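Student:
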Ligand code: SF4
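In my numbering, the protein residues as written are 13 to 237.
Here you go:
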């Protein structure tokens, strides 16, 4: 079990999957630069968190719920947790019966090809399971482009991957070393491009050569210039 001062933000999972260097820059070096993509995402999340609870027939909706898992060492906030009345789940204040938690995350863009979004949502589910002592088998994303809701099942593969990624994150935080990465096309959309300088510091670049060039002495005979 982790202690409170060892908890890592849930958002770091997504940063880690997108790029380990970006994760190190944001969470170890506190580098953050907003571009139009991150600004739109932040405004969407702010809007989602504006109202806190809502009741509809058979469903109760809580926004901005704080989440923690001491087993995984993660802390964060859910955009939305819907509680559906059913045969399993937990009891809720001033409500009869059992209610099944179902986390929903809002995303500005379209579904990603990698596991980064699903990992973050699965980590939210694992937090809810630990906090509420009930199973959370599924959740959903609400994507902005195209506007649609996509359900996600938290299967064994996704749960194992989430736990492995959380463990890798804790290793990164303990090492305090921002990893180097290779320049790829995704760097062109990265809000930390200028802080990262992947074409100069990338994994396939020889830092020794870069430094020798930077400290290169002028050719002989140029001393008096
Ligand atoms: S610019 Fe590229 S290598 Fe650097 S942090 Fe962003 S995605 Fe990672």
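Think of the CB as a built atom: it goes at the ideal place given N, C-alpha and C, for glycine as much as any other residue. Please read these numbers as outputs of a predicted model, since none were measured by experiment.
Quick check on the burial criterion: 16 or more other C-beta atoms within 10 angstroms. Buried or exposed for residue 33?
Tutor: buried
Student: When you compare only the Cα positions, how much space is there between residue 122 and residue 71?
Tutor: 26 Å
Student: Any contact of the region 75-92 with the region 136-145, i.e. 3+ C-beta pairs under 8 Å?
Tutor: yes
Student: When you get a sec, list the residues whose CB is within less than 6 Å of any heavy atom of the ligand SF4, chain order please.
Tutor: Ordered along the chain, the selected set is 31, 33, 34, 37, 193, 198, 199, 202, 204, 205, 208 and 210.
Student: Cβ atoms of residue 132 and residue 22: under 8 Å apart, would you say?
Tutor: yes
Student: Among residues of its own chain, excluding the 5 on either side of residue 13, which ones have a beta-carbon nearer than 6 Å to its beta-carbon?
Tutor: Counting only residues of its own chain and dropping the five nearest sequence neighbours on each side, residue 13 has a CB closer than 6 Å to the CB of 82.
Student: Which of the three DSSP states, helix, strand or coil, is assigned to residue 154?
Tutor: strand
Student: When the distance is taken between beta carbons, is residue 138 closer than 8 Å to residue 87?
Tutor: no
Student: If you draw a straight line from the C-alpha of residue 90 to the C-alpha of residue 99, how long is it?
Tutor: 24 Å
Student: Can you name the start and end residues of the alpha helix (DSSP H) that residue 213 belongs to?
Tutor: 210-213
Student: Taking C-beta to C-beta, are residue 120 and residue 76 nearer than 8 Å?
Tutor: no
Student: Can you confirm whether the region 147-161 touches the region 190-201 when touching is taken to mean that 3 or more C-beta pairs between the two stretches lie within less than 8 Å?
Tutor: no
Student: Could you tell me the distance, in whole angstroms, from the CA atom of residue 38 to the CA atom of residue 101?
Tutor: 36 Å
Student: Can you have a look at residue 177 and say buried or exposed, based on whether 16 or more other CB atoms are within 10 angstroms of its CB?
Tutor: buried
Student: Look at the alpha carbon of residue 147 and the alpha carbon of residue 104, and state the distance between them as a whole number of angstroms.
Tutor: Between residue 147 and residue 104, the C-alpha separation is close to 15 Å.
Student: Under 7 Å Cβ to Cβ from residue 130, same chain only, skipping five residues before and after it: list those, please.
Tutor: The answer, listed in chain order, is 164 and 170.
Student: Grab me the residues of residue 15's own chain with a C-beta within less than 7 Å of its C-beta, minus the 5 sequence neighbours each way, in chain order.
Tutor: none
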